[in-house]
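Trainee:
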Amino acid sequence: MKIIGLILILFFLINIIFLINEYIKEAKTEGKGEMVKSLFRFLVGLLFDIPSLYVVFVLVSLVVGIWFTFY
């Protein structure tokens, strides 16, 4: 069970790294002055631009991973 939990937590971390990488790509194309606006758009995009089923799946993988690992 702990191995499955650690795999799910690793899956969550990989997805967060992917999302941050997408933000960095977007921020580089807009220039330095737009960094705050693009950060806000990135945070809002986590809720609205990315399909909500994907976000739910990633968050469920984190919760189940923590549950399997520590309980």
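Residue numbers for the sequence shown follow the working numbering, so the first one is 9 and each next one is one higher. Built from N, CA and C at the ideal position, the CB exists for glycine as well. In this text the structure is predicted, and so the values were computed from the model without any measurement.
Could you tell me the alpha carbon to alpha carbon distance between V68 and K10, rounded to whole angstroms?
Mentor: Position 60 of the sequence shown, counted from the start, is the residue given in the question as residue 68. Position 2 of the sequence shown, counted from the start, is the residue given in the question as residue 10. Cα to Cα, V68 sits roughly 16 angstroms from K10.
Trainee: Judging by CA-CA distance, which residue of L70, Y79, F76, W75 is the nearest neighbour of L21?
Mentor: Here residue 21 is taken as the residue at index 13 of the sequence shown, counted from 1. For L21, the nearest C-alpha among the options comes from L70.
Trainee: Taking only three categories from DSSP, how would you classify Y79?
Mentor: As a position in the sequence shown, residue 79 is number 71, starting the count at 1. In the structure shown, Y79 sits in coil (DSSP, three-state: anything other than H, G, I, E or B).
Trainee: Tell me, to the nearest whole angstrom, how far the beta carbon of L14 is from that of T77; I am working on the premise that it is less than 8 angstroms.
Mentor: Locating residue 14 in the sequence shown gives position 6, where the first residue counts as 1. Locating residue 77 in the sequence shown gives position 69, where the first residue counts as 1. 6 angstroms between Cβ atoms; contact.
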